[in-house]
Amino acid sequence: MLTLTNQRGQSRWRRRLTTALLTVTVLAIAPAVARAESNGGVRVMPLGDSITEGTQVPGGYRIGLWQRLAAGRYTIDFVGSQYNGPGNLGDHDHEGHPGWRIDQIDANINGWLRNSTPRTVLLHIGTNDVLQNYNVSGAPQRLSTLIDHITAAAPNADVFVATIIPLSNSGQEAAARNFNSAIPGIVQSKVNSGKHVHLVDMHSKLSTGDLIDGIHPTANGYDKMAAAWYAALQSVPGSIGQGPGTSPSPSPSPSPSPSASPSPGGAGCSATYAIAGQWDGGFQATVTVTAGSSAISSWTVGWQFGNGQTVTQSWSTEISAGGAQVTARNVGYNGALGAGASTQFGFLGTWNGANGVPTLTCTAG
């Protein structure tokens with residue numbers, strides 16, 4: 294949020310900061326319950342999956358987009374039921390759901406729009422349809438239906454629909470390109486129907502060299518996304534307000550970001566496991582590794598599946614498995630962690646009948 298630094302605003306910010314400090318433990322468990330940050334600016338909903346949430350770089354493209362909006366003197370209020378990102382992201386609200394496909398977003402969109410009432414929607418979705426090989430041929434129609442539901446529930450909103458970014462796996466990239474090829478026609482059909490829908494060619498703005506794990510962007514890759522969103526928003530009058538020429542609105546003091554998990558005591562590390570998405574026969578999981586009170590140079594996480602699950606694809610880790618036993622080791626860029634610092638890795642897997650959460654061990658080097 295961008296706020297004027299008047300007495301009322303400072304008082305409101307102090308109350309919000311106090312509340313955030315008192316509830317940080319709750320936020321670490323369920324970030325979605327965080328108090329929404331709002332200042333009455335133009336309401337913009339970042340909508341999508343882990344790339345909207347900012348996996349690997351918490352806050353993702355929203356950091357660079359926020360900074361550009363602030364520099365351009367736009368008064369913006371990011372909205373959504375989710376909340377994450379660093380202090381230099383002035384507004385942490387979003388609607389990014391790691392592991393979610395188009396149909397899962399569609400199943401919840403009416404409630405989110407009703408609660409958040411956005412003026413503008415930034416939609417980047419479809420990556421998990423490809424990764425999960427979930428009826429990929431039907432993904433364009435699912436996207437078209439989702440856009441129809443958004444425009445029906447928020448008929449005055451501008452909806453920016455992005456092509457999905459590249460994938461390093463050649464087969465998945467081919468599927469992503471095929472999916473992307475249908476999006477311009479989908480968007481044009483909505484425009485022809487009088488709807489406020491706009492195409493953003495996001496795929497061409499990034500290359501596989503901008504990916505940290507073959508799926509999610511590096512910080513620089515996310516910033517390229519931010520630049521593409523910003524240019525698209527500026528091209529549509531009213532989608533982000535009047536902008537330059539209005540009174541500048543300085544960014545507020547940063548709010549504390551909720552931790553993914555409590556830091557362990559002493560040298561060493563801890564690890565927490567979360568199921569980010571689940572479907573018939575498959576699932577996506579994320580593991581957060583946190584250093585203890587001393588810096589570490591490497592980490593190894595181990596666990597044993599209890600329900601016959603198997604790992605089929607992973608990122609930001611090197612995984613080896615023997616039967617039910619799984620060992621995950623850091624890769625070159627995420628082994629060294631400062632005291633209390635965290636990193637994440639993820640994987641896709643299969644399950645049959647049950648998908649219980651295993652007990653993890655973490656060993657630091």
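Under the numbering used here, think of the first position of the sequence shown as 294, with each following residue one higher.
Built from N, CA and C at the ideal position, the CB exists for glycine as well.
Note that this is a predicted model, so its numbers are computed, not measured.
- Scanning its chain for C-beta atoms nearer than 7 Å, with the 5 sequence neighbours on each side dropped, one finds around residue 462 the residues 507, in chain order.
- Residue pairing by DSSP places residue 592 opposite 657 in a beta bridge.
- Per DSSP, reduced to three states, the secondary structure at residue 612 is strand.
- In the assembly as shown, residue 586 is an exposed residue. Its beta-carbon has fewer than 16 other beta-carbons within 10 Å.
- Within 10 angstroms of the beta-carbon of residue 486 lie fewer than 16 other beta-carbons, which makes it exposed.
- Under DSSP, residue 338 takes part in a beta bridge, and its partners are 414.
- Separation of the CB atoms of residue 351 and residue 381 is rounded to 11 Å, and the pair is thereby denied contact status at 8 Å.
- The straight-line gap separating the alpha-carbon atoms of residue 408 and residue 401 is approximately 11 Å.
- Taken through DSSP and simplified to helix, strand or coil, residue 604 comes out as strand.
- By the Cβ-count criterion, residue 494 is exposed, with fewer than 16 other Cβ atoms from all chains shown falling within 10 Å of its own Cβ.
- The three-state reading of DSSP puts residue 445 in helix, counting H, G and I together.
- In the three-state reduction of the DSSP assignment, residue 427 falls in the coil class, being assigned neither a helical nor a strand state.
- As a beta-bridge residue in DSSP terms, residue 387 pairs with 375.
- DSSP, reduced to helix, strand and coil, places residue 356 within a helical segment of the structure shown.
- Checking the DSSP bridge columns, you'll see residue 635 partnered with 583.
- The DSSP-derived three-state label of residue 370 is strand.
- In this structure residue 465 is buried. Its beta-carbon is surrounded by 16 or more other beta-carbon atoms within 10 angstroms.
- Assignment of residue 493 by DSSP, reduced to helix, strand and coil, places it in the strand class.
- In the DSSP assignment, residue 630 is bridged to 589.
- DSSP, read as helix, strand or coil, puts residue 508 in coil.
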